[in-house]
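Residue numbers (the working numbering), protein chains in the order written: chain E, 1 to 473; chain R, 474 to 724.
Structure follows, in structure tokens:
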């Protein structure tokens with residue numbers, strides 16, 4: 001089979017069936033279409049925001065309006081986002097329920113179809129389930145709460161725990177960091193606020209699930225996780241949306257703070273439908289001897305731009321980004337990692353694997369910065385790309401700035417192909433073309449996935465299978 | 474229904490060039506047939522056309538598996554119908570272990586939701602590996618990734634043993650093997666011989682046929698079978714050379 005024949009197979013469509021359903025809209029709060037000062041006021045009133053938040057939002061809106069789109073380096077497809085066509089706030093009420101029984105039926109059914117309550121019972125320490133702008137459900141297991149762990153939405157966080165919230169909110173990612181962090185700062189709603197007290201090691205993961213249900217909608221969750229000295233937490237987020245003809249915008253901001261000796265593991269399982277613009281800013285601040293690990297898996301969406309980063313602020317801090325991006329036909333995964341070394345003996349590790357299928361395009365952008373005055377810093381960067389037919393495209397833009405002696409940097413990159421011969425070989429053993437591709441892709445990510453927590457690896461494998469099954473005609 | 478792999482007047486080629494010019498061949502179940510032929514005689518084309526390689530086009534004739542045509546079926550359907558091809562150059566599948574690959578292949582033969590039980594699977598796998606004298610650590614390696622020529626061919630035979638095809642085509646299984654590797658592979662094939670399996674061994678050299686002794690030998694010249702006979706034909710071929718048959722054809 002020639003490569004051209006492979007890509008000319010009809011209908012390289014993505015199978016997003018798992019998340020491709022929606023229920024009729026029935027919202028108590030709707031900020032309407034477009035984004036002005038009035039929109040902000042509507043959101044603040046609906047959420048009963050304190051004055052400092054209203055002010056923060058309005059300032060952010062100004063910054064957003066003033067900042068140009070980053071199209072001088074990023075995809076021109078950003079110009080196809082018409083910010084005035086979106087609805088910025090939709091909710092059935094700002095307060096989440098503590099029990100699934102109280103959650104409105106259609107919302108509950110949504111999350112049941114996505115398997116959330118089941119997973120909660122099986123292996124999670126707490127769950128937050130966001131439906132459009134607000135969490136419909138939020139609960140933390142009693143034993144975990146009794147250790148002093150706080151796991152609530154951003155709204156409750158800023159209201160009920162202002163002393164911790166205000167100290168770090170917008171500090172890791174300032175409003176003006178980029179156009180989309182400014183947008184999020186203006187209209188943020190939902191997301192998680194987590195605080196883990198000193199020395200507390202949360203055994204099971206906390207999970208948030210972000211679901212977009214409405215059309216022409218923008219989801220802007222805001223997550224802030226603070227893990228105090230010597231404490232540990234794993235946070236998992238999942239995302240889906242139905243397949244609409246119109247464009248959906250998802251623009252989150254996630255800030256992590258690891259105090260001395262703390263460990264944070266942040267895991268994303270993203271399975272967006274192909275109409276979603278996913279433009280997310282994620283960054284962690286790692287104090288002395290702490291560790292921040294991003295495990296980031298990007299499947300689906302029309303365009304994803306996401307570069308999780310760690311600022312290694314304290315001596316011996318460690319940052320890690322393990323990412324997998326799968327760009328199917330018509331999709332662009334523009335992902336990467338940032339490691340800002342700001343103290344001696346800090347280490348960072350970046351392993352990025354991308355898979356491009358059909359006309360899918362995967363771009364890796366990395367930034368590793370080690371200034372001259374630092375000693376004993378280390379970075380390892382590995383980027384591997386897998387192409388599944390000649391039309392696919394992959395680009396790597398690693399920017400590694402190392403100055404000074406005694407710092408070491410290692411960079412490896414590879415590009416491989418699933419050849420038509422390989423597919424034929426597997427088909428000759430009885431696997432369908434889809435199964436064969438799926439197996440190749442799973443093989444490609446295998447060494448990385450082995451480092452992930454068990455539940456997550458299983459979920460990821462299932463998503464890859466679904467995606468690959470759907471990618472052949 | 475005839476229990477045989479039948480090739481009837483098969484015409485096929487690649488890129489508009491016909492390579493097989495009406496080839497006839499019948500391999501009854503339970504027999505081992507060998508095709509001998511020079512490079513370029515169309516041996517490998519025949520193997521690929523039977524397996525359904527999409528680069529090749531069939532322009533005439535038929536291939537029947539137990540009386541049913543398999544032309545037009547996807548390669549994986551043909552495989553599940555019971556046709557196995559041991560590749561001359563098996564592909565590498567990085568990151569996928571032999572054990573997982575075989576398991577996926579076996580599951581593809583079962584109805585959805587009735588995947589093979591892990592214990593049952595490993596029992597079967599280890600049984601076959603013992604039979605073929607293959608070390609157990611072998612199956613935790615990624616399929617053909619960094620394998621020597623001998624290891625690749627051993628892997629092909631192990632897969633053949635696990636998938637239990639009705640008909641197996643071994644395409645130049647001896648190429649690139651030293652004598653020790655050849656003996657191991659031949660031992661594997663011989664231990665799978667039996668009334669339920671028809672085998673077609675494709676080779677350039679007589680050497681392999683010292684170890685896998687065929688019931689029938691066919692000589693292929695320019696896309697046709699020009700002479701068939703008992704196993705002694707292979708030795709005669711070796712002695713007299715391909716020119717001898719070519720002259721027979723010309724005459």
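Every residue, glycine too, gets a C-beta built ideally from N, C-alpha and C.
Quick caveat, the model's predicted, so the values are computed rather than measured.
Just to confirm the assignment, what range does the beta strand (DSSP E) spanning residue i have?
i: residue 416 of chain E; result: 408-417
i: residue 209 of chain E; result: 206-211
i: residue 697 of chain R; result: 697-702
i: residue 496 of chain R; result: 490-501
i: residue 265 of chain E; result: 263-272
i: residue 232 of chain E; result: 232-240
i: residue 705 of chain R; result: Segment 705-713 is the alpha helix (DSSP H) holding residue 705 of chain R; no beta strand (DSSP E) there.
i: residue 350 of chain E; result: 347-357
i: residue 644 of chain R; result: 640-644
Go through its chain and collect everything with a Cβ distance to residue i's Cβ below 6 angstroms, but skip five positions before and after it.
i: residue 47 of chain E; result: 94, 155
i: residue 315 of chain E; result: 288, 343, 344, 345
i: residue 173 of chain E; result: 181, 253, 255, 281, 283
i: residue 352 of chain E; result: 323, 364, 383
i: residue 4 of chain E; result: Confidence in residue 4 of chain E is poor, its pLDDT being 36 and thus under 50, which makes the residue's placement too unreliable to answer from.
i: residue 309 of chain E; result: 283, 338
i: residue 157 of chain E; result: 165, 193
i: residue 444 of chain E; result: 386
With DSSP as the reference, label residue i as helix, strand or coil.
i: residue 583 of chain R; result: coil
i: residue 9 of chain E; result: Low confidence applies here, because residue 9 of chain E scores a pLDDT of 34, under 50, leaving its location unreliable; read the following figure in that light. In this structure, residue 9 of chain E counts as coil in the three-state DSSP scheme.
i: residue 479 of chain R; result: strand
i: residue 106 of chain E; result: helix
i: residue 462 of chain E; result: helix
i: residue 660 of chain R; result: helix
i: residue 294 of chain E; result: strand
i: residue 375 of chain E; result: coil
i: residue 117 of chain E; result: helix
i: residue 309 of chain E; result: strand
i: residue 3 of chain E; result: Interpretation of residue 3 of chain E is limited by its pLDDT of 38, a score under 50 that renders its predicted location unreliable; the figure taken from the coordinates is listed afterwards. In the structure shown, residue 3 of chain E sits in a helix (DSSP, three-state: H, G or I).
i: residue 543 of chain R; result: coil
i: residue 610 of chain R; result: helix
i: residue 810 of chain R; result: Because chain R here runs from 474 to 724, residue 810 of chain R falls outside it and cannot be looked at.
i: residue 622 of chain R; result: helix
i: residue 325 of chain E; result: strand
i: residue 561 of chain R; result: coil
i: residue 530 of chain R; result: strand
i: residue 333 of chain E; result: strand
i: residue 80 of chain E; result: helix
With residue i as the anchor, note down where its alpha helix (DSSP H) starts and where it stops.
i: residue 551 of chain R; result: 548-554
i: residue 220 of chain E; result: Premise fails: residue 220 of chain E is in no alpha helix (DSSP H) and is neither H nor E.
i: residue 518 of chain R; result: 516-524
i: residue 214 of chain E; result: It is not in any alpha helix (DSSP H) - residue 214 of chain E carries neither H nor E in the DSSP assignment.
i: residue 438 of chain E; result: 433-449
i: residue 423 of chain E; result: 420-428
i: residue 591 of chain R; result: 591-604
Sorted by chain position, which residues of the same chain lie with C-beta nearer than 8 angstroms to residue i's C-beta, five sequence neighbours on each side aside?
i: residue 608 of chain R; result: 602
i: residue 43 of chain E; result: 31, 49, 57, 88, 89, 187, 189
i: residue 721 of chain R; result: 699, 700
i: residue 456 of chain E; result: 236, 267, 269, 295
i: residue 536 of chain R; result: 478, 479, 480, 481, 483, 522, 523, 542, 543, 544
Leaving out five residues on either side along the sequence, give the residues of the same chain with a beta carbon under 7 angstroms from the beta carbon of residue i.
i: residue 497 of chain R; result: 480, 481, 482, 698
i: residue 576 of chain R; result: 589, 594
i: residue 101 of chain E; result: none
i: residue 501 of chain R; result: 476, 477, 671
i: residue 228 of chain E; result: 196, 197, 198, 259, 262
i: residue 64 of chain E; result: 179, 182, 183, 186
Using a Cβ cut-off of 8 angstroms, pull out every chain A residue sitting near residue i, in sequence order please.
i: residue 432 of chain E; result: The structure shown contains no chain A; its protein chains are E and R.
Return the chain-ordered ranges of every alpha helix (DSSP H) run that is complete within the segment 17-65 of chain E and spans a minimum of 4 residues. 37-47
Check whether the segment 273-280 of chain E and the segment 240-253 of chain E touch, using three or more Cβ-Cβ pairs below 8 angstroms as the test. yes
So, do the segment 669-677 of chain R and the segment 579-587 of chain R have three or more beta carbon pairs nearer to each other than 8 angstroms? no
Along the chain, which unbroken stretches of the beta strand (DSSP E) at least 3 residues long are found entirely within the segment 119-206 of chain E? 126-131, 134-140, 150-153, 192-196
Would the segment 411-423 of chain E count as touching the segment 380-399 of chain E if we require 3 or more Cβ pairs under 8 angstroms? yes
Would you call the segment 67-84 of chain E and the segment 105-119 of chain E touching, i.e. three or more CB-CB distances under 8 angstroms? no
Okay, do the segment 118-126 of chain E and the segment 158-171 of chain E touch, 3+ Cβ pairs below 8 angstroms being the bar? no
Contact between the segment 545-564 of chain R and the segment 622-630 of chain R (3+ Cβ pairs under 8 angstroms): yes
Touching by the beta-carbon criterion (3+ pairs, under 8 angstroms), the segment 642-653 of chain R and the segment 673-692 of chain R: yes
Would you call the segment 102-111 of chain E and the segment 207-221 of chain E touching, i.e. three or more CB-CB distances under 8 angstroms? yes
Quick one: any contact between the segment 360-379 of chain E and the segment 330-344 of chain E, if contact means 3 or more CB pairs under 8 angstroms? yes
Touch check for the segment 543-558 of chain R and the segment 501-519 of chain R: three-plus C-beta pairs under 8 angstroms? no
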